[in-house]
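In the UniProt record's numbering, the protein residues as written are 1 to 305. Idealized CB from N, CA, C, for every residue including glycine. Let me begin by presenting the structure, written as structure tokens, before commenting on it.
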Amino acid sequence: MDPHLLRTFVAVLEHRSFSHAASTLGYTQSAVSQHIAALEADLGTRLVERRPVSPTAAGARLMEHAPALLLRLDAARADLARLHHARPTRLTLACSPAALNPAVARTLAQLRAAADPLDLHVQILGRETVVQNVLTARADLGLVDGVAAPSDPLPLPDLGPASTLATAEQPLAVLFPDGHPLARRRSVRLTDLSQAQWIDAPDSALPLDRLRAVCRTDGFRPRIRHRGTDLLGLAALAAAGHGLTALPLPLAATLPDVTAVPVAEPRLVHRTELLHAAHPTDTARQLAELLTAGSTEAAPVRLLS
């Protein structure tokens, strides 16, 4: 299966348009049509309905595999490029919003003091983009956060020879507007809130599909959708009554006009994990050691799974 054809296939279905895919990829529309036809001939089945543009049953099945396959190829290319283009005085750390906490900031100051000169870059991104940037060498290390049972790893995808290790586990809290009746509670049970209105904020708060999975319910339906990494904006929406959201308790307690109430049941923690390539630079390895020095994790570094 030619990856160039597969990349065209993904672009066509993401844009639902041959012409938009051509513009994005820098091809002519005729070339895009030829790519799709060649991929269909290779696989022996029709993949894309032309009018309107949509996947066939086979195309939908292929789309379940294609993005991960292309990312894995990009990760392999990036891993080889690191052998010849590593820049020892440059370090890029990618973080999901709730993963960049005061402890991480202090650790970066330690690194700067020990590794002067250092060209340090910090990226605040959605969780999926953090993983992608580390695997494709746009970042040297990543910090991703999520919800899990105590000491359980985050459910990260299998994307090859990259390693993760926990750096922190913190209590989970739900944000209520100040004055909300439940804001006076000492703790809450998530299952009691499954039918409440929630804010869908997958890049900054805990994704609602993850809450549905851990609580084994089809609740946690969004009233409003928040896209981006702005935690203050998210708190403002919660304070105005647009819906509930869940964040780590230490972070939630610092946000204005909301009350953070700890989650008592189910037994969950907000977990942050460090992600790095299998062969990090010396500076990246030094930062990884500093970030995990205070971790209570006894388990060894694991492959993404």
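- Contact between the stretch 227 to 243 and the stretch 114 to 122 is absent: fewer than 3 CB-CB pairs across the two stretches fall below 8 Å.
- Residue pairing by DSSP places Glu-265 opposite Arg-189 in a beta bridge.
- Distance from the CA atom of Pro-202 to the CA atom of Arg-127, rounded to whole angstroms, is 8 Å.
- Under the 8 Å Cβ criterion, the stretch 247 to 255 does not count as touching the stretch 135 to 142, having fewer than three qualifying pairs.
- With respect to Leu-47, Thr-56 sits close: the two C-beta atoms are nearer than 8 Å.
- Shown here for Gly-219: same chain residues with a beta carbon closer than 6 Å to its own, the five before and five after excluded, namely Ser-194, Gln-195 in chain order.
- One thing to note: Glu-265 has its Cβ no nearer than 8 Å to the Cβ of Leu-172.
- Rounded to the nearest angstrom, the gap between the Cα atoms of Leu-5 and Leu-39 is 6 Å.
- Scanning Glu-273, Ala-58, Ile-124 for the CA closest to the CA of Gly-228 turns up Ile-124.
- Counted as a single uninterrupted DSSP element, the alpha helix (DSSP H) harbouring Arg-212 occupies residues 208 to 215.
- Distances from the CA of Thr-167 to each of Ala-41, Leu-182, Ala-288, Ala-76 were compared; the closest alpha carbon is that of Ala-288.
- Taking C-beta atoms under 8 Å as the contact rule, Trp-198 and Pro-181 fail to qualify, at a distance of about 17 Å.
- For a cut-off of 8 Å, the C-beta gap from Glu-169 to Arg-106 is around 18 Å, too long to register as a contact.
- Assignment of alpha helix (DSSP H) within the UniProt domain "HTH lysR-type" (1 to 56), counting only whole runs of 4 or more residues, yields 3 to 15, 18 to 25, 29 to 43 in chain order.
- Taking 8 Å as the cut-off, the Cβ atoms of Leu-70 and Pro-155 do not count as close.
- According to DSSP, Ala-94 shares a beta bridge with Gln-123, Gly-142.
- For Arg-112, the uninterrupted alpha helix (DSSP H) run begins and ends at 102 to 114, by DSSP.
- In the three-state reduction of the DSSP assignment, Thr-281 falls in the coil class.
- Under the DSSP assignment, Ala-246 falls in the beta strand (DSSP E) whose first and last residues are 245 to 248.
- About 21 Å separates the beta carbons of Leu-120 and Leu-135, which is beyond the 8 Å limit, so they are not a contact pair.
- Look at Arg-227 here: in three-state DSSP terms it is coil, with no helix or strand label.
- Under DSSP, the beta-bridge partners assigned to Glu-169 are Arg-271.
- For the pair Asp-192 and Asp-257, the Cα-to-Cα distance works out to about 23 Å.
- Counting along the chain, Asp-218 sits inside no beta strand (DSSP E), nor does DSSP assign it H or E at all.
- Residue burial annotation: Glu-14 is exposed, with fewer than 16 other C-beta atoms found within 10 angstroms of its C-beta.
- In the three-state DSSP reduction, Ala-148 falls in the strand class (E or B).
- Only residues of its own chain outside the window of five on either side were considered, and among them Val-261 have a CB closer than 7 Å to the CB of Arg-185, listed in chain order.
- Residue environment for Ser-96: buried (at least 16 other C-beta atoms within 10 angstroms of its C-beta).
- With respect to the 8 Å criterion, Asp-200 and Arg-225 are classified as neighbours on the basis of their beta carbons.
- Assignment of Thr-259 by DSSP, reduced to helix, strand and coil, places it in the strand class.
- Counted as a single uninterrupted DSSP element, the beta strand (DSSP E) harbouring Asp-200 occupies residues 198 to 200.
- In this structure, the alpha-carbon of Leu-255 lies about 11 Å from that of Asp-178.
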